[in-house]
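Working notes, beginning with the structure itself.
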Amino acid sequence: MRGALIAIEGLDRTGKTTQTERLLVKLKELNIKHKLVKFPKRDTQIGNLINTYLTEKSFQLSDQAAHLLFSANRWEIIDEIKKELQGGTVVILDRYVYSGVAYSAAKGLDFQWCLNPDVGLPKPDLTVFLQFKQSENASRTGFGDERYEVAEFQEKVKLLFENFSTNSEWSPLYVDGLTIDQVHEEIWSLFKQYLEGLDEDLQVF
Ligand code: FDM
Ligand code: MG
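In case it helps, the UniProt record's numbering puts the sequence shown at residues 1 to 205.
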């Protein structure tokens, strides 16, 4: 049995990080082996460059080069993730390939071109996509000042994410009006069935 690969996706400010932290607490309580990986993973050399790109608007990089860095940031740690899964650990991803494609394609890059460098990466067994039904996101306060934290851009990203909604492992979750606890319960009800691990091999993008 291998561990499940679970991704939490969504736009900025939808509660991904809060919810992944809640999941970790729960998994710890239940004594289930788990590992969290947040993408971009900023504490590697490639991740450092990505962090500079996101936080310093004066740092110039073509959209293509930036895109490939985000993909490289996944490839540089994927063997470690696979090893954890083989050892039976549940791996939770806070953003993954879907963010990679949606954010770059929202800048006008070709969708398939954006997916290409990630082809071969393992597909999650479950992707929970946190979203707002209302395009409430645009008016939400609390955006920071990183490169992509701009309401109009987030609206474009939202449309691009919709391309994945036909994927079999894609589980949209509307968070409008729900408390943190309620969202956690919803995620947990999707998550539960994967806790025992899986026999089938990982699929790949
Ligand atoms: N982002 C994230 C991308 O543009 N491509 C990617 O492959 C990934 C993983 O980075 F705006 C964007 C999404 C977001 C920014 O992410 C930083 P966090 O989750 O806010 O740290
Ligand atoms: Mg952010």
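Every residue, glycine too, gets a C-beta built ideally from N, C-alpha and C.
Keep in mind it's a predicted model, so treat the numbers as computed, not measured.
Three-state secondary structure (DSSP) of residue i
i, result
"I8", "strand"
"R2", "strand"
"N137", "Here N137 scores only 49 on pLDDT, less than 50, and its place in the model is too uncertain to base an answer on."
"residue 213", "The structure shown has nothing for residue 213, since the chain only spans 1 to 205."
"S58", "coil"
"L202", "coil"
Residue i, enclosing alpha helix (DSSP H) - first and last residue
i, result
"L115", "111-115"
"V157", "151-161"
"S99", "97-105"
"I50", "45-55"
"V183", "180-191"
Local Cβ density within 10 Å of residue i, reported as buried at 16 or more and exposed below that
i, result
"N73", "buried"
"N137", "Any reading at N137 is ruled out, since the residue's pLDDT is 49, under 50, leaving its predicted position unreliable."
"G47", "buried"
"D12", "buried"
"Y98", "buried"
"V204", "exposed"
"I187", "buried"
"T127", "buried"
N-terminal and C-terminal residue of the beta strand (DSSP E) that residue i is part of
i, result
"L173", "170-174"
"V128", "126-131"
"V119", "Looking at the DSSP string, V119 is not in any beta strand (DSSP E), and its letter there is neither H nor E."
Opposing strand residues paired with residue i [DSSP bridges]
i, result
"D79", "Bridge partners of D79: none, in fact."
"V37", "L93"
Any chain B beta carbon closer than 8 angstroms to residue i
i, result
"G120", "The displayed structure is made up of one protein chain only, and chain B is not part of it."
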